[in-house]
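Taking this note's numbering, the leading residue of the sequence shown gets 1, the next gets one more, and so forth. Beta carbons: idealized from backbone N, C-alpha and C, even for Gly. Model, not experiment: these values are computed from the prediction. One structure is given here, and the rest of the page talks about it.
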Amino acid sequence: MAGLRCRIADTLEVSKAEDDACRLADLDVKAEDEEQQKDDDDESRQEDSSKTESTLRTPKPSPLGVLQRLLRVFFGCLASVACGMLYAAYLSAFHERRFWFSARQELEREITFPGGSGLYYYYYKHMLAAPSFQRGFYELMTDDSTLAGQTINAVERLSLYPEMMVSYIYRISGSQDLVEPIYFYVGAVLGLQALYATALFVCSWVMSGTWVAGVLAVAWCVISRPDATRVDQAVPLREHWALPYYSCQVAALTGFLCNNISSTVEMLCYLTMSTTTFSFLLVWEHSHHLLFIQAFCLFLLDSFDLVPTRKMSDIHKVYVSSLLLAYFFQFHNTALLASPLLSLLIGSVLAKYLQQKMKKGPLVARVMKLFLHFHLVFTTGITFNYLVKKVLPGSDSEVILKFLEVKFRLNTTTDFVTNLLLCQESLQSPSQDLFLRLTQASVLPFYLLVLTVCLLSTLETVYGRLSGQTTQSDPKLEDVHVGERPEVVYHVFQAFLFGGLTMLFDGVKYVWTPYICMFTAFGVCSPDIWMTVFRWLKVKSIHPVVLSLILSTAVPTIIGFSLWREYCPRLLAELSELQEFYDPDTAEMISWIRTQVPMAAVFAGSPQLLGAVKLGSGSAVTSLPLHWDMDLLRRSEDTYQVYSMRSAEEVYKILTSHKTNYVIIEESLCNELSRNKGCRIKDLLDVSNGHVSPHLRRCDINSRTVLLCLSFQVVYDKGETYAFSKHRRFCNEIKMNKSPYSNYFTRVFWNRSYHVYKVNSVISFQY
């Protein structure tokens, strides 16, 4: 005001006295401003000094509080290890009761490894029989005694690093005089199952804050054993070696994503995550698909600004370094470079570089930037994946795309391999019994409730992030939103994806079921879940914090008591019941092969049976039971022709092209009656070969297919032509021991289940 008055006085040319008064007023104002500035500077210095002093004088936690925390962690770790060991002991006891494992001879024990699982144990025995570990490793890399006419790198083709590691530990530990090799092998797998359960325990404990959740998660896994694991059916399967590493990786990632953790714990989680990611990629050929799902969930977290950018960069480094290391350790496995995981990583990094201000701006602008970000990531990823598959040989993407087209009923095919894959139980949709069992164990109802609450809270948080809202760094319990925790949001996204895949493929349930046990246990034991619900309901009669703490303790207690009362007698009765596994026909045939057949002989038959033949006798085979190797699947199609309607000469030419000396025909496949949806092997072969049974004398007319019967062929409405076969089914006709079948094949062994024929090297045309 004084300055304004002075300017008015200058303009109007007021008297000199008034001018002097104005100048004096100006000086007074300047003096006051200088004093005020000095006071402000002093106050700011005092505030800075007080902040510094408060930082330096931060009260240290009391010794009693530190002791309580250490005791809580100690007893939690003790409980996690105990639950893991009890889980492994339960699986071991069930396996023993099911197969009478300890009361059988060596050959009968090996037969309990069904299908392709026994093949892995054969290589474990081979490593132990080698004069040295280095020599055994070299023989596996140049294996010419497994597939007839081929030299393969068995370590690369069958992912044999678990067998190599276990055989090496068995050698250096001096266990040869203490335990038999087969018990050491089975014990290693069961020990990893203990690690699996422990990791699930820790993951649920970290998210809920109480180790009661871990106990409940392991209890649900034990109750849901038929849908949670196949270790009691086939011990050496790759998933039983890989999933424990994956569960450890998920637990470490969960801890790494937590907001309020110390730098030491964060570094420990990071190192654990790095080690387990590499191990997971190394021991299972399907591991990069699960990691792709995980990386996609983390990509969504990063896009919605729910996780710090620094942590996402660290996780990307883990993925890329693990992929590159696994690529070199798996002898330049091109499947890892062509994996969708690497394509997603490259696409997200490039999109981030092009959109550095994606997380800024108002709501509408951020939503538009987000859609553009998704478009850039997926366009870049698909382009990179296409270029890699064009440059690198050995891609089976066409077969996979054809399989998916037929799976989702977008196309039809007569291809034997595609239809055989569709008929695999693990690739079919699950039955309703899965959901009935999970509902009876109370897992599924609570899982749906927990997932619904977490999803709604996540959507609320995502909307707040896109609107520019920020969250408190250390909120109180009454202010917490469960959807603001990045580790919880990550599990919500992953639970949805795993659930969707389980609806399509039954085999995914062995990943999804333990996962929902862990996630549900976290939900019912976490006060954050209950607090979020009470905030929405605006509960005022009882303090929400007190009520949430009471319910997070009472609900799991009630659930645990009801599970104990209902399922504990069942589990004890299950362990006390002796089940009988008796397969004398297979044992008799393999014993005959061991004693009567030269070691250089080559056997043809169904891939599952050939795995047992290879394990029991060591003879070379024409195919292996691997459902991801297209070359082996094509070889299996050739050996399956003994169940088709083809001539003796045609089958003979096919078998001799694979250097076959003996062919095994199974009664269960030749006379199979009860498989649904045309999934019998002989039906698939007839469709692939374009044959119709000569006994067909009329046309079946329905809503999908119209058959036009002619004298020698049947024409479908889609243009596919099926001719009446001139020959009867080979597997039935060869048993008659008549010409021309007896000219090409000579029966040398038979029992109720198997007929073994020698493929004649010199054809005798005697009629």
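| Query | Result |
| --- | --- |
| For residue 582, three-class secondary structure by DSSP | coil |
| The stretch 210 to 217 contacting the stretch 494 to 512, beta-carbon criterion three pairs below 8 angstroms | no |
| 8 angstroms contact criterion, which residue 406 and residue 455 should meet: CB distance rounded | With 8 angstroms as the limit, residue 406 and residue 455 do not qualify as a contact, their Cβ atoms being about 32 angstroms apart. |
| The stretch 407 to 427 in contact with the stretch 657 to 674 per 3-pair CB rule at 8 angstroms | no |
| Buried versus exposed call for residue 566 [16 or more other C-beta atoms within 10 Å across all chains shown] | exposed |
| Bridge-paired residues (DSSP) for residue 147 | 621 |
| Local conformation of residue 735 per DSSP, three classes | helix |
| Test item: CB-CB of residue 615 and residue 624 under 8 angstroms | no |
| Close-in-space but distant-in-sequence residues of the same chain around residue 152 (CB under 6 angstroms, 5 per side omitted) | 143 |
| Exposed unless 16 or more other CB atoms sit within 10 angstroms - verdict on residue 673 | exposed |
| Under the three-state DSSP convention, the category residue 758 falls into | strand |
| Terminal residues of the alpha helix (DSSP H) in which residue 172 lies | 161 to 172 |
| For residue 745: DSSP bridge partner residues | 759 |
| Residue interval of the beta strand (DSSP E) (run including residue 139) | Segment 133 to 141 is the alpha helix (DSSP H) holding residue 139; no beta strand (DSSP E) there. |
| Spatial distance of residue 300 from residue 245 (CA atoms) | 24 angstroms |
| Proximity to residue 534 [Cα-Cα], best of 162, 284, 548 and 570 | 548 |
| Alpha carbon of residue 747 to alpha carbon of residue 665, nearest angstrom | 11 angstroms |
| Residue 425, enclosing beta strand (DSSP E) - first and last residue | Note, residue 425: premise wrong, no beta strand (DSSP E); not H, not E. |
| Residue from 652, 462 and 645 with nearest C-alpha to residue 687 | 645 |
| Close Cβ partners of residue 509 (< 7 angstroms) along its chain, the five nearest in sequence each way excluded | 227, 430, 434 and 502 |
| Check whether residue 166 and residue 121 have beta carbons under 8 angstroms apart | no |
| Contact set for residue 438: own chain, Cβ-Cβ below 6 angstroms, skip 5 residues either direction | 444 |
| Proximity to residue 628 [Cα-Cα], best of 157, 537, 148 and 757 | 157 |
| Pick from 390, 683 and 488 that is closest to residue 337, judged by C-alpha positions | 390 |
| Residue range of the alpha helix (DSSP H) that includes residue 184 | 181 to 208 |
| Those residues which DSSP pairs with residue 604 across a bridge | 663 |
| Same chain only: Cβ atoms within 6 angstroms of residue 181, ignoring 5 sequence neighbours per side | 128 |
| Strand pairing of residue 750, partner residues [DSSP] | 755 |
| Alpha helix (DSSP H) segment containing residue 536, residue limits | 527 to 537 |
| Which listed residue (752, 753 and 730) has its alpha carbon closest to that of residue 745 | 730 |
| Residue 550 in three-state terms, based on DSSP | helix |
| Candidates 179, 191 and 749: closest to residue 771 by CA position | Shown here, the chain extends from 1 to 767; a query on residue 771 therefore has no answer. |
| Buried or exposed (CB count within 10 angstroms, at least 16 for buried), residue 229 | buried |
| Which of helix, strand or coil DSSP assigns to residue 152 | strand |
| Rounded C-alpha distance that separates residue 514 from residue 171 | 34 angstroms |
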